[in-house]
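Peer 1: In order, the protein sequence lines correspond to chains A and B.
Residue numbers for the first sequence, in my numbering: 6 to 486.
Residue numbers for the second sequence, in my numbering: 269 to 697.
Submitted below is the structure of interest, expressed as structure tokens.
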Amino acid sequence: MNKFLSGITSLFSRIKRYLGKFGTALAKGDLFVRLSLIWMGAGYCRRKQYVKSIIITLLEAAVVLFSVTIGFQYIPKFGTLGTVRQESIFNPMTMKKEFNDYDNSFMILLYSLVSILIWLIFLIIYVRNIVRQYELQKMEERGEHINSFKEDRKLYLGEKFYVTLLSLPVLGIFLFIVIPLLAMVLIAFTNYDSRHMPPTELFTWVGLENFISLFSSGGLTITFGYAFVRVLAWTLIWAVFATFTNYIGGILLASLINHKRVVGKKFWRTMFVIAIAVPQFVSLLLLKYFFADGGIVNTICSDIGITEFLRNIGLINTSYIPFLTAPGWAHVMLILINIWVGVPYQMLIATGVLMNLPTDQIESARIDGATPRQIFRHITMPYVLFITGPALVTDFVRNINNFNVIYLLTSGVYVTADQALANSQAKEVDLLITWLFTLTRDYYNYKMAAVIGIVVFAISAVCTVIVFRRLTQGDREEAYQ
Amino acid sequence: MKKKVVSIVLCAAMCVGMLAGCGKGNEESGKSADSGEKQKVSLTMWGQENDQTMLQDMIDKFVKTYSDYADITVELGVQSDSGARDRILTDQEAAADVFSFPSDRLQDLVSAGALQSVDDMDEVLQQYAGKTVADVKEANVEGSVEAATYDDTLYAFPMTADNGYFLYYNKNVISEDQVKSWSSLLEAAQAAGQKVGMTLSSGWYNASFFYSAGFTTSQNEDGTTNIDWNGTADYSGVEVTQAMLDIASNPGFMALSEGDAANQMASGNLCAAVSGTWDSVAAQEAFGDGFAATKLPTFKIAGNDVQHKAVIGYKLIGVNAHSENAGWAALLADFITNEDQQKTRFEVRNVGPSNKVVLADPMIEEDITASAVVEQSEFAVPQNVGSNFWAPTQTFGEMVAKGELKADDTAGIQSALDTMVAGVEAPVE
């Protein structure tokens with residue numbers, strides 16, 4: 006928490022310092038520095054950096070053009086997200102439909118967001134530009150060398166090549182992650198759903214109403230509280246089991262294959278890698294049919310009498326084993342199947358770590374008379390934990406959101422017999438993420454999808470922080486020495 | 269949510285594109301029809317993947333028919349009927365001008381403002397196709413027109429009338445008399461050591477028992493569903509459930525999971541199954557020369573024999589409300605649903621027509637599946653429900669199938685019905 010606060014303070018002090026520089030530049034700068042306030046290329050032009058001057062002038066022109074044609078059209082409507090509903094009339098003479106000049110709430114939201122972001126970035130460039138002009142003026146006064154464009158280009162292809170390299174990924178992240186994410190966060194505060202669907206209808210801001218309706222009395226569905234608690238519980242149980250069974254299974258498998266007496270290490274490793282080379286959804290769909298109520302596993306089990314035996318001891322009362330269709334059975338099967346599809350990945354990671362075990366420690370332990378089990382417990386495991394701890398955390402979060410395994414194995418097969426869950430469109434085997442999917446897919450309930458998305462994000466973030474702090478507490482070096 | 273992200277990304281990309289292309293105004297406005305010059309019209313249309321060749325032929329005929337009035341080009345795209353609603357609602361302005369969809373999606377599309385009213389097209393149809401909207405309504409069976417109508421406005425052209433279920437059976441095992449009632453049917457199956465399959469854990473199938481007893485469902489404008497199954501219609505909801513339990517607990521009965529009928533028929537477990545035209549080939553292969561189909565049998569509610577009604581759906585052709593050339597799009601939609609094209613559709617794809625003249629054609633009677641559809645259509649109910657209908661009714665069916673409800677425990681049945689009704693009627697947030 007303190008770190009967080011000090012981070013914010015330092016950010017503010019940096020902004021303050023920068024604005025101070027901006028003020029000095031304006032107060033002490035020459036005519037061209039001040040002229041740069043209007044024509045951003047003025048300063049560069051004066052210092053004979055003509056190419057830079059042209060580039061920044063073009064940028065300025067582009068932003069102005071954007072503001073006039075798009076920004077100023079949408080930003081004024083951002084407060085209401087549009088007021089003019091679509092109306093149309095069919096003209097039988099021209100065989101065409103004629104529309105009025107209507108507002109599209111989604112476009113207003115998106116373009117306003119884009120405009121605000123572009124202006125923010127432009128503001129930073131703008132302030133920097135003035136500060137830079139003043140620096141150049143001082144450099145000129147001191148008679149220092151000012152880079153030509155050629156020299157600058159050389160700099161960005163040589164010493165500062167990382168800036169060139171990183172600019173493309175940063176732009177990509179901005180376009181494909183930041184903008185959609187921010188748009189989604191904004192949608193959580195609107196009433197964008199099946200009854201307010203642009204372009205025909207308008208949607209508008211509703212403040213925190215969606216968050217309130219998610220958690221207040223009843224919530225999203227009539228048995229929302231009942232379902233939410235159960236789904237959340239299974240999500241956490243699943244995440245814990247799925248993560249740790251895979252992790253431990255992977256390490257055990259890797260150490261088994263790594264064992265001195267195992268012949269054909271490469272062969273075994275390849276066998277398990279083949280299991281993950283098959284696309285996951287293919288193996289999951291196949292397993293779904295294998296374990297179906299009328300599937301091959303059930304046929305075999307009833308042929309050799311396992312079904313009969315289970316019925317006799319009272320574990321089942323159906324003529325088949327409900328591997329994926331009854332609560333309990335399905336929960337266990339999901340975790341087991343997840344082991345099957347997930348362990349090879351962990352094995353590969355663990356193999357890499359095990360191959361780099363510090364042999365001196367193991368050697369000395371052996372000389373001191375430690376048994377293999379003791380070596381595994383006190384040297385191997387702590388070392389592996391130390392190296393793969395962060396990966397374990399990401400695995401945990403990934404399992405909270407493990408849509409594939411749950412959805413592919415249970416959709417269309419698992420039918421809940423719990424009416425209270427059914428009234429919330431939930432099933433005993435649903436994770437938050439699969440529940441969110443069914444809740445929103447049929448409704449076009451974008452606002453609630455956004456809200457639940459934010460909630461799932463919050464849960465994942467909290468879990469990550471807690472587990473991460475646990476793992477990185479204390480002197481880790483010591484932990485395995 | 270993923271779809272949302274994609275569309276946002278697309279929008280973002282579009283916005284970048286607009287930066288580059290702004291100021292380039294769209295000057296091409298439509299020329300009026302009476303200017304003497306032939307209008308250039310381009311349309312887009314979506315159809316199912318395995319209909320593409322047939323649809324292309326129909327489009328060619330359409331273009332030729334109207335070549336005197338306009339230069340029409342139609343671009344044909346692939347879109348499954350079941351997914352049409354999702355894709356249209358994701359971006360209505362980018363959706364095709366003409367598309368097909370199942371009738372139970374009509375209300376969603378209308379309330380999202382995606383469908384062009386056909387009533388508005390009366391003048392166009394009169395001028396170019398030589399018929400009125402009333403003629404279109406007259407030409408198709410009543411149920412299909414009803415399914416294409418919302419708030420007294422016709423929103424789509426009926427195309428097929430076969431999206432329902434009926435009974436497939438093996439006439440080598442079961443006689444024509446035995447398929448008349450569920451009890452004799454189950455008895456015959458038991459005697460043959462086989463079973464009769466039906467899906468219970470689906471509101472589409474298990475609603476049939478309630479509809480048979482006079483119960484109804486309907487959808488409100490806000491997407492909520494009205495349902496009265498816990499009350500009393502011709503019989504009480506408890507009595508209907510007891511009748512269902514009576515069938516489900518019979519050793520000759522097998523509760524199928526949804527979509528599993530073909531599988532179970534192929535594995536030889538079934539001598540009869542309740543399913544629809546989509547399983548026609550599977551049933552023919554499974555039953556061989558014993559392949560037969562007929563309407564659903566009668567069943568006993570509180571001691572009386574009641575005809576088992578089925579839920580029926582229709583495939584409709586709609587015109588996009590945002591279509592620029594809405595008039596021509598409507599003419600195309602009318603053309604591919606007219607009598608000749610429905611006949612072609614039955615000949616090529618064996619799809620049951622909604623046109624009355626085609627239905628009266630002797631070739632329908634000769635076709636085992638198609639004649640079963642016609643036979644059942646007399647006892648068929650179109651289902652109009654909101655999205656909250658499915659999960660509670662599915663679970664109710666599952667409880668019946670698994671025997672979690674007991675026939676003599678009327679209080680338990682009543683409370684299960686009450687819970688289901690509460691879930692179905694819940695407000696749509």
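Where is the CB? At the ideal position from N, CA and C, for every residue including glycine.
DSSP three-state call for residue 565 of chain B: helix, strand or coil?
Peer 2: coil
Peer 1: What does a CB cutoff of less than 7 angstroms around residue 353 of chain B pick up in its chain, not counting 5 residues either side in sequence?
Peer 2: 369, 373, 376 and 377
Peer 1: Is it true that the CB of residue 291 of chain A sits closer than 8 angstroms to the CB of residue 409 of chain A?
Peer 2: In this structure, the beta-carbon distance from residue 409 of chain A to residue 291 of chain A does not fall below 8 angstroms.
Peer 1: Run down chain A in chain order and give the residues with a C-beta less than 8 angstroms from the C-beta of residue 306 of chain B.
Peer 2: Chain A residues near residue 306 of chain B: none, gap ~12 angstroms exceeds 8 angstroms.
Peer 1: Leaving aside the five residues before and after residue 472 of chain A along the sequence, list all residues of the same chain whose C-beta is less than 7 angstroms from its C-beta, in chain order.
Peer 2: 398 and 401
Peer 1: Smallest Cα separation from residue 506 of chain B: which of B:694, B:673, B:693 and B:690?
Peer 2: B:673
Peer 1: Answer yes or no: do residue 384 of chain B and residue 588 of chain B have a C-beta to C-beta separation smaller than 8 angstroms?
Peer 2: yes
Peer 1: Could you give the first and the last residue of the continuous alpha helix (DSSP H) run that contains residue 426 of chain A?
Peer 2: Segment 424 to 427, the alpha helix (DSSP H) holding residue 426 of chain A.
Peer 1: Cβ of residue 531 of chain B less than 8 angstroms from any chain A Cβ?
Peer 2: Yes, because at least one Cβ of chain A sits closer than 8 angstroms to the Cβ of residue 531 of chain B.
Peer 1: Would you mind reading off the limits of the beta strand (DSSP E) that contains residue 700 of chain B?
Peer 2: With chain B represented from 269 up to 697, any question about residue 700 of chain B goes unanswered, as that position is not in the structure.
Peer 1: Spatial neighbours of residue 498 of chain B within its chain, please: C-beta separation below 6 angstroms, excluding the five flanking residues on both sides.
Peer 2: 505, 685, 686 and 689
Peer 1: Please work out which residues of its chain come closer than 6 angstroms, Cβ to Cβ, to residue 522 of chain B, disregarding the five sequence neighbours upstream and downstream, and give them in chain order.
Peer 2: 463 and 465
Peer 1: Considering only residues of the region 582 to 638 of chain B, which uninterrupted alpha helix (DSSP H) runs meet the minimum length of 4 residues and lie entirely inside it, listed in chain order?
Peer 2: The region 582 to 638 of chain B contains these whole alpha helix (DSSP H) runs: 594 to 603, 607 to 617, 624 to 627 and 630 to 634.
Peer 1: Where does residue 334 of chain B sit, in a helix, a strand or coil, going by DSSP?
Peer 2: coil
Peer 1: Step through the CB atoms of chain A and report whether any lies within less than 8 angstroms of the CB of residue 660 of chain B.
Peer 2: yes
Peer 1: Between the Cα of residue 618 of chain B and those of B:565, B:683, B:678 and B:547, spot the shortest distance and give me the residue it belongs to.
Peer 2: B:547
Peer 1: When the Cβ atoms of the region 629 to 636 of chain B are set against those of the region 355 to 368 of chain B, are three or more pairs found closer than 8 angstroms?
Peer 2: Segment contact: the region 629 to 636 of chain B against the region 355 to 368 of chain B, fewer than three CB-CB distances shorter than 8 angstroms; contact not assigned.
Peer 1: May I have the straight-line CA-CA distance separating residue 20 of chain A from residue 52 of chain A, to the nearest angstrom?
Peer 2: Going by the C-alpha atoms only, they are around 27 angstroms apart.
Peer 1: Could you please tell me which residues of the region 675 to 696 of chain B, in chain order, have their CB closer than 7 angstroms to any CB of chain A?
Peer 2: 684, 687, 688, 690, 691, 694 and 696
Peer 1: Quick one: Cα of residue 543 of chain B to Cα of residue 432 of chain B, how far?
Peer 2: 8 angstroms
Peer 1: Looking at the strands, I want to know which residues DSSP matches up with residue 450 of chain B.
Peer 2: Per DSSP, none; premise fails for residue 450 of chain B.
Peer 1: Would you identify the three-state DSSP class for residue 655 of chain B, choosing helix, strand or coil?
Peer 2: helix
Peer 1: Pick helix, strand or coil for residue 116 of chain A, following the three-state DSSP scheme.
Peer 2: Residue state, collapsed to three classes: helix.
Peer 1: When burial is assigned at 16 or more other CB atoms within 10 Å of the CB, is residue 291 of chain B buried or exposed?
Peer 2: Because residue 291 of chain B carries a pLDDT of 37, less than 50, the predicted location of this residue cannot be relied on, and no value is offered for it.
Peer 1: Could you check whether the Cβ of residue 667 of chain B sits closer than 8 angstroms to any Cβ belonging to chain A?
Peer 2: yes
Peer 1: Among all the DSSP beta bridges, which residues are the ones paired with residue 93 of chain A?
Peer 2: A:104
Peer 1: Residue 141 of chain A and residue 48 of chain A - do their beta-carbons sit closer together than 8 angstroms?
Peer 2: yes
Peer 1: Say whether the region 246 to 256 of chain A touches the region 344 to 356 of chain A, bearing in mind that this needs 3 or more beta-carbon pairs closer than 8 angstroms, one atom from each stretch.
Peer 2: yes
Peer 1: Using a Cβ cut-off of 9 angstroms, pull out every chain A residue sitting near residue 525 of chain B, in sequence order please.
Peer 2: 297, 298, 299, 330, 417, 418 and 420
Peer 1: Measuring alpha carbon to alpha carbon, tell me which of B:525, B:574 and B:486 ends up nearest residue 692 of chain B.
Peer 2: With distances taken between Cα atoms, residue 692 of chain B lies closest to B:486.
Peer 1: According to a CB-to-CB cut-off of less than 7 angstroms, which residues of the region 337 to 365 of chain B neighbour chain A?
Peer 2: 357, 360 and 361
Peer 1: Taking 8 angstroms as the cut-off, does the region 470 to 478 of chain B touch the region 596 to 613 of chain B (at least 3 CB pairs, one atom from each stretch)?
Peer 2: no
Peer 1: Among residues of its own chain, excluding the 5 on either side of residue 10 of chain A, which ones have a beta-carbon nearer than 6 angstroms to its beta-carbon?
Peer 2: none
Peer 1: Give the secondary structure of residue 485 of chain A by DSSP, where H, G and I count as helix, E and B as strand, and everything else as coil.
Peer 2: Reliability of the predicted coordinates at residue 485 of chain A is poor, the pLDDT of 48 falling under 50, and the value obtained from them is presented with this limitation in mind. Residue 485 of chain A sits in coil when the DSSP states are folded into three classes, being neither helix nor strand.
Peer 1: Interface residues of chain A around residue 592 of chain B at Cβ under 9 angstroms?
Peer 2: 101 and 102
Peer 1: Report the partner residues of residue 210 of chain A according to the DSSP bridge assignment.
Peer 2: A:195
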